[in-house]
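Colleague: This structure is in structure tokens; I'll ask about it shortly.
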């Protein structure tokens, strides 16, 4: 039987493109892709999942009375202004709060050296918008913040990732890469780094490397994009200076500033208010401001007033201290649970602060697939591949310890460890057929050094399944 | 006009697609004048159905739970008419291996395969049979989780070295995996609709063409712009008729009802059936609605007749 009897209009031309809109999309959207992970994560909406996948601060720690007090203050003195547009570069009182926050990490800036942005994410986007032409090279850590990769891709950048070890980005590797790029006639526009409690790896760049990075940037006249969302969330060890604070003082003969600094209120006050900031050399700052006009005119006046009122009402450090104590206990709970439950083949980082642990499994386990299995056990994590733009990270995962209580962290890790055990056993029975240890095991003879945790070899035979544009 | 509960979402990995399908179906039902109640399926489904007491349920769920007979069984128990295939056809099609056995037994073309459970590998040492399996099927091989819809969890192995990791990945999605001979060819999908007066009709064939000449993976399937679809596929009349004939035969053999999409590879020697989807995607970029549209059946009519068929079946079985 055919469909002819129900036909009411002539058939469309052969090879008619059903994808009606695809011809209208800009070329760059070809690199903006949704991921399997996004579809998997949709399932975590369900409340009964223990999610170690977020990057979320625990906003339940924020006392409602502080929220009320700030809002009352706005209602009493600034209702009309809070409901109005504001200046593109941000409200002056908010800039002054930011100056205070940065001073907490011994980083001196003036209020007119920064602009307020809609979250740190907008600052990254504006920097890309201002600096990148299609095909330009961006240097990033490997792994890097999974939320930055789509931004770099949206501006059609080539992302070159520099491997890290327990002391952060390996600057000697960086210099070799820069030489190599120079030999190819390519000059990166900027080096993106989260030097302190890196997302997702959890490690921090050593002081020596920080100094060297700032020098490299000055010598080669490259910008460094320093993203510092977690600097104040330290649970052990001594504070490390920001890259921005290590720059040669302005006005000196060496001259020139090469660090663009991005900060955010997300981890020290609220992620929901979407307030971040960017500090940049003045000529760059002027361009960023123009870029912001076209993006959103100004960040929310209401939430900027909220920040100003909150800072005026009391000591903002109290909440940061409370959050730090809570996260410290949760980090310990996660490290304890990992030590208790994870098989010997698993390796993980020991973060001194921040929100994340990076865990690496044998090469033959794909963590995106493993997430599907984990969701059946009602637990979630972030598969590592999103932290790379080159197919690496498939056997790693990011675990967040800030957003769920200790007992759930422990249970979540127990469940993940159980399925990892299950996969290891299955792999053993699959490869035991030849009576020899699988070749991959050699690569997993790891030392106790942290370095191998982060050095992810390119996957052999990485082929069609996950090919990416060159 | 009826009160229609649209069941969508759920916990399968195709939750997002299902929510999109469901929203589009709800819009169509409202335009048709029905009273619509959307239900995001979770642990409270029984209560939700009890409270809304629908005349009929439109199941817009994909993957395990919604497409495999589970929800259908519950609706049977509650005596609520529902759209699409019944319990047994849903269960047979959702299990790719059961479907392939039925097709093979009936002489319909489907690529060679071997299926195993994780228990077989772990407890019976089936891993030792891998060499024999590889020899029998030859490379490249396709490794699939048996019960997953869409292209989720599908891996290709080009050599013996790649097989264990591919199997491991497939087991992440399902305790049963299938190793299938890879068949090279054009990727076709044939929608089939049951007729109001009985029988069924095959819709114009849709061809999926990957833009980056890559394997057609899960991402490509849902990403606008990465795969383009041609409808009707550029096939000569005799070949198109043969493909439709095979799709229709599979639909009837497995006892599908309402609608289904038959995924095939057009190999050198003709079409090979990969799987049947008893609740194909109904989103703006899904192939079944587009194929129906090419046959002069717009989306509202597709939804409307699917609901009518559900009511017709319920009346005939009372």
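Protein chains in written order, with the numbering used here: chain A, 1 to 470; chain L, 1001 to 1318.
Backbone N, C-alpha and C fix where the C-beta goes; we use that ideal spot for every residue, glycine too.
Treat the numbers as computed from the prediction; the structure is a model and nothing was measured.
1. Determine whether the Cβ of residue 1182(L) lies closer than 8 Å to any Cβ atom of chain A.
2. Along the region 405–431 of chain A, what residues have a CB closer than 7 Å to any CB found in chain L?
3. Compare the beta carbon distance of residue 132(A) and residue 157(A) with 8 Å and say whether it is the shorter of the two.
4. Under three-state DSSP, which class holds residue 289(A)?
5. Tell me where the alpha helix (DSSP H) around residue 473(A) begins and ends.
6. Can we say the region 227–242 of chain A touches the region 176–196 of chain A, given the rule of at least three CB pairs closer than 8 Å?
7. Quick check: is the beta carbon of residue 346(A) nearer than 8 Å to any beta carbon in chain L?
8. Which residues, in order along the region 1135–1164 of chain L, keep a beta-carbon less than 8 Å from a beta-carbon of chain A?
9. To the nearest angstrom, report how far apart residue 1163(L) and residue 1157(L) are at their CA atoms.
10. Rounding to the nearest angstrom, what Cα-Cα distance links residue 1125(L) and residue 432(A) in this structure?
11. When you compare the region 370–384 of chain A with the region 342–355 of chain A, are there three or more beta-carbon pairs, one atom per stretch, that lie closer than 8 Å?
12. Who pairs with residue 116(A) in a beta bridge, going by DSSP?
13. By Cβ distance, which residues of its chain are closer than 7 Å to residue 88(A), with the 5 residues on each side in sequence left out?
14. Using the beta-carbon of each residue, which ones in chain A are nearer than 8 Å to residue 1173(L)?
15. For residue 1169(L), go through chain A and note every residue whose CB falls closer than 7 Å to its CB, in chain order.
16. Between residue 1121(L) and chain A, is there a C-beta pair that is closer than 8 Å?
17. Among 283(A), 394(A), 418(A), 403(A), which one has its Cα closest to the Cα of residue 114(A)?
18. Is residue 1271(L) near residue 1246(L), with beta carbons less than 8 Å apart?
19. My guess is that residue 1187(L) and residue 1202(L) are in contact by the Cβ rule of under 8 Å, so how many angstroms apart are they, rounded?
20. Starting from residue 1127(L), find everything on chain D with Cβ-Cβ shorter than 8 Å and list it in chain order.
21. Run the CB neighbour count on residue 207(A), radius 10 Å, all protein chains shown included, and call it buried at 16 or more, exposed below.
22. Measure from the alpha carbon of residue 302(A) to the alpha carbon of each residue in 93(A), 428(A), 347(A), then state which is nearest.
23. Going by beta carbon distance, what residues of the same chain come within less than 7 Å of residue 1117(L), once the five residues before and after it are set aside?
24. What residues in the region 1010–1027 of chain L bring their beta carbon closer than 7 Å to a beta carbon of chain A?
25. Can you find the residues in the same chain that come closer than 6 Å, C-beta to C-beta, to residue 1309(L), ignoring five residues on each side of it along the sequence?
26. Using the C-alpha atoms, what's the distance from residue 202(A) back to residue 358(A)?
27. Closer than 7 Å by beta-carbon distance: list the chain A residues that pair up with residue 1323(L), in chain order.
28. Who does residue 348(A) pair with in a DSSP beta bridge?
29. Looking at the structure shown, is residue 158(A) part of a helix, part of a strand, or coil, going by DSSP?
30. With 16 as the cutoff for other CB atoms within 10 Å, does residue 1011(L) come out buried or exposed?
31. Give the DSSP-derived three-state secondary structure of residue 943(L) in the structure shown.
32. Decide if residue 28(A) is buried, meaning its Cβ has at least 16 other Cβ atoms within 10 Å, or exposed.
Modeller: Let's see:
1. no
2. 423, 425, 426, 427, 429, 430, 431
3. The Cβ atoms of residue 132(A) and residue 157(A) lie closer than 8 Å to each other.
4. helix
5. Outside the shown range of chain A (1 to 470) lies residue 473(A), about which nothing can therefore be said.
6. yes
7. For residue 346(A), no Cβ of chain L is located within less than 8 Å of the residue's own Cβ.
8. 1152, 1153, 1155, 1156, 1158, 1159, 1161, 1162, 1163, 1164
9. 6 Å
10. 9 Å
11. Touching, no, given that fewer than three Cβ pairs across the two stretches are closer than 8 Å.
12. 277(A)
13. Excluding positions up to five away in sequence, the list reads 289, 292, 293, 297, 298.
14. 369, 372, 373
15. Residues of chain A with a Cβ closer than 7 Å to the Cβ of residue 1169(L) are, in chain order, 366, 369.
16. yes
17. 283(A)
18. yes
19. So it is not a contact: roughly 17 Å between Cβ atoms.
20. Looking for chain D here will not work: the only protein chains present are A and L.
21. exposed
22. 93(A)
23. 1175, 1176
24. Considering only beta carbons, the part of the region 1010–1027 of chain L lying closer than 7 Å to chain A consists of 1011, 1013, 1015, 1016, in chain order.
25. 1194, 1258
26. 7 Å
27. In the structure displayed, chain L extends from 1001 to 1318; residue 1323(L) sits before or after that span and is not available.
28. Its beta-bridge partners are 359(A).
29. strand
30. With a threshold of 16 other beta carbon atoms within 10 Å, residue 1011(L) meets it and is buried.
31. The structure shown does not extend to residue 943(L), since chain L is modelled only from 1001 to 1318, so the question has no answer here.
32. exposed
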